[in-house]
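Here the structure comes first, spelled out in structure tokens, and everything after it is commentary.
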Amino acid sequence: MAFHDLPRRPRHASAALALSLAAAFALALASAPAGAKKPKKSAEEPDIADYSDDALAKRFQLPLTEVGYLVVDARTGQVLEQRQAKDGFVPASTIKVVSTVAALVVLGHEHRFQTELLATGAVANGTLAGDLFLKGGGDPMLTSDDFESMAQQLRAKGVTRVGGRFVYDSSAYVTAKAIDAEYEESAAYNPGIAALSVNFNVLQLKWEREKKGETRYRFAAQTDNHELDVNYLKAEPAQPGTTGPYGLAYRDDAKSPTWLVIPAKRPKGEIRVPVKRPDFNAAYVFRKAAEKHGIALPEPVAGAAPDAANPLVRLISKPLPDIVYRTQRFSNNMSAEMLSLAAARKLTGRTLDLAAAGQVVSGWLKEKISGVDWTGLNLRNGSGLTKDSRISPEQMVAVLRYAQKLAIGNQIYADLLRRYNVGKVESEEEYGHEEGSRQNGREKGAKRGVEIKAKTGTVNYSRGVVGYLHTGKGRDVVFAVFISDYKQREAMQKQGQAWKEPPVRWWLSRSREFQRALVKRWAEKL
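So in the numbering used here, the last spot in the sequence shown is 1349, and the numbers never skip.
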């Protein structure tokens, strides 16, 4: 089987091919940083075929005090295996399970988000004699392609210019410059959040070194289909001695925000950068789309659309289950935060920030799912991009079992998680209940291999995987496993160590293989 970090791209990236368990072990051991002590096989050391906790801890050099898991029978809830199941761990991106379950239940699986163009005043001779409002409704999947479509519809209504203001309205949520200020400001997975957001709040920064030695930079709002230049941002070479992850540093100037680019070895290239002013950026991108379709708009300004404004164009989002699937599939932090904010707003009727929304969702969980010890549950946001959230294996399994019972159209929640294969063990069960019938897209008579539908999560010195497993003996189980090393994390922060540095990557590699081996054990023995 293979768990790997899912791409956080604004475009649909294809998944990497899965590695076998044995190959993954070899890969993990080969990737040890220089000077790191690699595990050695000896007569005293148990063979890797021994999947006991003690053997795995020795093999992967991880103390069992850092490990917590719970495995239960999906039908009865019978505890099959557990270790420190009540202890709180850093969930990382596995918390997206909680955010998406809350969104599906609170908003309803038929919910769709709306992005609107509204106006005050009438249209005459191509001119809107009033203000044009671009109002965000929290659509996490809104793209610049959608803006092109909205601009075309606006042009079809006869609008070629606006006599008043062009106003962007993102009042549904509290706008944030980043998901978590402790993470790198140049990381594309840590963008700003607003009710009006586009292209997952990332831009492409492109550079090309010209013949005279100077480097030309430009920003683009980019999808697979279109590209729009974004000119409100600047980029310039960083001064000698400037340091920053991803070769970037940010200078936050309200009039002219600038990315400082540490000179790259390649003469030409591009990198994704996070948007720090997501609502303004979205309005700017829409203005460029409108310009492309023959509509002149003034500079965007922030404001709120009046209740009396007339709707001109309304864009309806994809169905919520589709949004949930893509959020999980690509582990997109921005999308998960938007879903958490939407659920919290529906529950409270208030405009909340990320931390407050996390607390509302955790309170909703405690009321919705009974018979669980919720002590220690702490959701600091909806994406898991934080070191401060905590959830226990027992609490996560309770959420997964609750989600198991949800009616989501013709789907179940497990269908919205990513599917993985585990080894070559096959179940004695067959797909389908009647001759010629299909279940999960396979005909009766086909062997149902061991499979897992799961969500992974990784932050510095914390790793988790949670989900549903169909074992080789035909049993369906629900599981959650977390590994967190708080001491290493604290030491890393004090030293200013980056997550890409060898010690961090080596720890994550070992923890990942430990979890793979656990799931392999459950797949074969339960």
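Yeah, the Cβ is synthetic: ideal placement off N, Cα and C, and Gly gets one too.
These figures come from a predicted structure and were not determined experimentally.
Inset, instruction - Could you pull the start and end residues of the alpha helix (DSSP H) that residue 1146 belongs to? - result: Working through the sequence shown from its first residue, we reach residue 1146 at position 323. Its alpha helix (DSSP H) spans residues 1143-1152.
Inset, instruction - Give me the Cβ distance between residue 1055 and residue 1009, rounded to the nearest whole Å; I'm assuming they're in contact under 8 angstroms. - result: Residue numbering aside, residue 1055 sits at position 232 when the sequence shown is read from its first letter. Residue numbering aside, residue 1009 sits at position 186 when the sequence shown is read from its first letter. Residue 1055 to residue 1009, Cβ: 18 angstroms. No contact.
Legend entry - Reference residue 1203, options 1212, 1197, 1196, closest by Cα: As a first step, residue 1203 must be located in the sequence shown, where it is residue number 380. For the residues 1212, 1197, 1196, the minimum Cα distance to residue 1203 belongs to 1212.
Legend entry - Residue environment, residue 856, which counts as buried when at least 16 other CB atoms sit within 10 Å: By one-based count along the sequence shown, residue 856 stands at place 33. Confidence at residue 856 is low in this model, with a pLDDT of 43, below 50, so the placement of that residue should be treated as unreliable; the coordinate-derived value is given next. Residue 856 should be labelled exposed.
Legend entry - Buried or exposed (CB count within 10 angstroms, at least 16 for buried), residue 901: On the sequence shown, position 78 is the one that residue 901 refers to. It is exposed - the Cβ of residue 901 has fewer than 16 other Cβ atoms within 10 Å.
Inset, instruction - Closer than 7 angstroms by C-beta to residue 889: which residues in its own chain qualify, once you throw out the five before and the five after it? Chain order, please. - result: In the sequence shown, residue 889 corresponds to position 66, counting from 1. Cβ within range, chain order: 1306, 1307, 1308.
Legend entry - residue 1062 versus residue 1085: straight-line alpha-carbon distance, rounded: As a working note, residue 1062 is residue 239 in the sequence shown. As a working note, residue 1085 is residue 262 in the sequence shown. Their backbone Cα atoms lie some 8 angstroms apart in a straight line.
Inset, instruction - Give me whichever residues DSSP pairs with residue 1093 in a beta bridge. - result: Indexing the sequence shown from 1 puts residue 1093 at position 270. According to DSSP, which records beta bridges pairwise, residue 1093 is partnered with 1029.
Legend entry - Alpha carbon of residue 1045 to alpha carbon of residue 969, nearest angstrom: Numbered from 1 along the sequence shown, position 222 holds the residue referred to as residue 1045. Numbered from 1 along the sequence shown, position 146 holds the residue referred to as residue 969. Answer to the nearest angstrom: the Cα atoms are 12 angstroms apart.
Legend entry - Simplified DSSP state of residue 975, which is helix, strand or coil: Your numbering for residue 975 matches position 152 in the sequence shown. If DSSP states are grouped into helix, strand and coil, residue 975 belongs with the helices.
Legend entry - CA-to-CA distance, residue 1234 to residue 1013, given in whole angstroms: By 1-based counting over the sequence shown, the position of residue 1013 is 190. By 1-based counting over the sequence shown, the position of residue 1234 is 411. Those two C-alpha atoms are separated by around 31 angstroms.
Legend entry - C-alpha gap between residue 1154 and residue 908, whole angstroms: As a working note, residue 1154 is residue 331 in the sequence shown. As a working note, residue 908 is residue 85 in the sequence shown. If I take the Cα positions, the gap works out to 25 angstroms.
Legend entry - Per-residue burial, residue 1294 [other beta carbons within 10 Å of its own, 16 or more giving buried]: Numbered from 1 along the sequence shown, position 471 holds the residue referred to as residue 1294. When all chains shown are included, residue 1294 counts as buried.
Legend entry - Option in 1101, 1030, 1076 with minimal Cα separation from residue 1070: Taking the sequence shown and counting its residues from 1, one reaches residue 1070 at position 247. Residue 1030 is the option with its Cα nearest to residue 1070.
Inset, instruction - Can you say whether residue 966 is buried or exposed, counting buried as having 16 or more other CB atoms within 10 angstroms of its CB? - result: For this step, residue 966 is matched to residue 143 along the sequence shown. Looking at its Cβ environment, which holds 16 or more other Cβ atoms inside 10 Å, residue 966 is buried.
Legend entry - DSSP-derived helix/strand/coil call for residue 1201: Reading the sequence shown from its first residue, position 378 is the one you call residue 1201. Residue 1201: strand per DSSP, three-state reduction.
Inset, instruction - Find the nearest neighbour of residue 1123 within the set 1222, 987, 1164, 1039, judged by alpha-carbon distance. - result: Within the sequence shown, numbered from 1, the residue matching residue 1123 stands at position 300. That would be 987, whose Cα lies nearest to the Cα of residue 1123.
Legend entry - Residue burial classification, residue 1104 (beta-carbon count within 10 angstroms, cutoff 16): For this step, residue 1104 is matched to residue 281 along the sequence shown. Buried is the call here.
Inset, instruction - Decide if residue 1342 is buried, meaning its Cβ has at least 16 other Cβ atoms within 10 Å, or exposed. - result: In the sequence shown, the residue the question calls residue 1342 occupies position 519. The residue in question, residue 1342, is buried, as its Cβ has 16 or more Cβ neighbours within 10 Å.
Inset, instruction - Going by CA-CA distance only, name the one from 991, 893, 1176 that's closest to residue 1003. - result: Here residue 1003 refers to the residue found at position 180 when the sequence shown is read from its first residue. Selected option, being the one with the closest Cα: 1176.
Inset, instruction - Let me know the secondary structure DSSP gives residue 1018 once reduced to three states. - result: As a first step, residue 1018 must be located in the sequence shown, where it is residue number 195. DSSP places residue 1018 in coil when its eight states are reduced to three.
Legend entry - For residue 1279, the three-state DSSP class (helix, strand or coil): As a working note, residue 1279 is residue 456 in the sequence shown. Three-state result, residue 1279: strand.
Legend entry - residue 1340 versus residue 1096 - alpha carbon distance: In the sequence shown, counting from the first residue as 1, residue 1340 sits at position 517. In the sequence shown, counting from the first residue as 1, residue 1096 sits at position 273. Their backbone Cα atoms lie some 36 angstroms apart in a straight line.
Inset, instruction - Would you check if there are 3 or more beta carbon pairs closer than 8 angstroms linking the stretch 974-984 to the stretch 1131-1140? - result: yes
Legend entry - Where residue 1079 falls, given that 16 or more other Cβ within 10 Å makes a residue buried: Position 256 of the sequence shown holds residue 1079. Residue 1079 comes out exposed.
Legend entry - Start and end residues, beta strand (DSSP E) containing residue 883: Taking the sequence shown and counting its residues from 1, the one referred to as residue 883 is at position 60. It is not in any beta strand (DSSP E) - residue 883 instead sits in the alpha helix (DSSP H) that spans 876-883.
Inset, instruction - May I ask which residues mark the beginning and end of the alpha helix (DSSP H) holding residue 1224? - result: By one-based count along the sequence shown, residue 1224 stands at place 401. Element bounds for residue 1224: 1216-1227.
Inset, instruction - Determine, using beta-carbon pairs with one atom in the stretch 948-960 and one in the stretch 1184-1194, whether at least three such pairs fall under 8 angstroms. - result: Contact between the stretch 948-960 and the stretch 1184-1194 is absent, because fewer than three Cβ pairs lie under 8 angstroms.
Inset, instruction - Give the DSSP bridge partners of residue 1306, in chain order. - result: As a position in the sequence shown, residue 1306 is number 483, starting the count at 1. Looking at the DSSP output, residue 1306 bridges to 890, 1286.
Legend entry - Cross-strand partners of residue 901 (DSSP beta bridge): Here residue 901 corresponds to residue number 78 of the sequence shown, with the count starting at 1. In the DSSP assignment, no residue is bridged to residue 901.
Legend entry - Rounded distance between the beta-carbons of residue 1026 and residue 1053, thought under 8 angstroms: Taking the sequence shown and counting its residues from 1, one reaches residue 1053 at position 230. Taking the sequence shown and counting its residues from 1, one reaches residue 1026 at position 203. Confirmed, Cβ separation roughly 6 angstroms.
Legend entry - Residues of its chain near residue 934, where Cβ-Cβ distance is below 7 angstroms and the 5 sequence neighbours each way are ignored: Counting from one through the sequence shown, the residue named residue 934 turns up at place 111. Cβ neighbours of residue 934 beyond the five flanking positions: 1143.
Legend entry - Contacts around residue 912, its chain only, beta-carbon distance under 6 angstroms, and the 5 residues preceding and following it disregarded: What you label residue 912 is simply residue 89 of the sequence shown in a count that begins at 1. Hits under 6 angstroms: 891, 1305, 1307.
Legend entry - residue 1285 classed as buried or exposed, judged by whether at least 16 other C-beta atoms fall within 10 angstroms: Position 462 of the sequence shown holds residue 1285. Residue 1285 should be labelled buried.
Inset, instruction - Classify residue 1022 as buried or exposed, calling it buried when 16 or more other Cβ atoms lie within 10 Å of its own Cβ. - result: Sequence index remark: in the sequence shown, residue 1022 carries index 199 (1-based). Under a 10 Å Cβ-count criterion, residue 1022 is classified as buried, with 16 or more other Cβ atoms of the shown protein chains found around its own Cβ.
Legend entry - Integer-rounded CB distance, given that residue 1162 should sit under 8 angstroms from residue 922: For the purposes of this step, residue 922 is identified with residue 99 of the sequence shown, where counting begins at 1. For the purposes of this step, residue 1162 is identified with residue 339 of the sequence shown, where counting begins at 1. Between residue 922 and residue 1162, the beta carbon gap of about 5 angstroms places them in contact (Cβ cut-off 8 angstroms).
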